[in-house]
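In the working numbering, the protein residues as written are 259 to 375.
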């Protein structure tokens with residue numbers, strides 16, 4: 259949480275305050291960023307907020323190239339809109355690794371984009 263900007267930290271603290279103490283995550287990894295590029299993040303944010311998108315995916319090699327760890331169960335992500343304002347908080351429930359051509363249909367549907375294929 260130390261890497262969060264003040265507006266992101268305030269959003270996270272507001273989220274914590276909305277939850278009962280026993281339901282608050284302990285020692286959670288919290289990051290903030292865009293879903294893809296700022297140009298498409300508002301579209302993806304709208305899909306999350308409408309409940310049409312409930313999963314995300316990334317390329318494993320991109321994490322390695324950036325020197326970042328893969329997402330882990332229990333991590334939180336503050337999804338920013340195109341103006342860098344917090345839009346929602348996402349929690350990693352599970353991490354699956356597939357080759358692109360082997361992605362199961364249920365994952366494509368959970369992505370909630372395009373024709374859901």
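Just so it is clear, CB atoms sit at the ideal spot from N, CA and C, and this is done for glycine as well.
Assuming residue i is part of the beta strand (DSSP E), what are its boundary residues?
| i | result |
| --- | --- |
| residue 288 | 288-291 |
| residue 336 | 334-338 |
| residue 325 | It is not in any beta strand (DSSP E) - residue 325 carries neither H nor E in the DSSP assignment. |
| residue 345 | 344-349 |
How big is the Cα-Cα spacing for residue i and residue j?
| i | j | result |
| --- | --- | --- |
| residue 310 | residue 302 | 10 Å |
| residue 286 | residue 329 | 12 Å |
| residue 295 | residue 282 | 30 Å |
| residue 312 | residue 362 | 15 Å |
| residue 272 | residue 359 | 40 Å |
| residue 370 | residue 305 | 7 Å |
| residue 275 | residue 269 | 10 Å |
| residue 354 | residue 279 | 30 Å |
| residue 318 | residue 327 | 9 Å |
| residue 347 | residue 367 | 20 Å |
Between which two residues does the alpha helix (DSSP H) holding residue i run?
| i | result |
| --- | --- |
| residue 355 | Residue 355 -> no alpha helix (DSSP H), and no H or E assigned at all. |
| residue 296 | 296-307 |
| residue 264 | 264-275 |
Who are the Cβ neighbours of residue i in its own chain at under 7 Å, not counting the five residues just before and after it?
| i | result |
| --- | --- |
| residue 299 | 292, 293, 338, 339 and 340 |
| residue 351 | 331 |
If we define contact as Cβ-Cβ less than 9 Å, is residue i a contact residue for chain B?
| i | result |
| --- | --- |
| residue 365 | The structure shown contains no chain B; it holds only a single protein chain. |
Which same chain residues, not among the five before or five after residue i, have their C-beta less than 8 Å away from its C-beta?
| i | result |
| --- | --- |
| residue 315 | 361, 365 and 369 |
Exercise for review: Check whether the stretch 259-275 touches the stretch 289-304, counting contact only when three or more Cβ pairs, one atom from each stretch, lie closer than 8 Å.
Suggested key: yes
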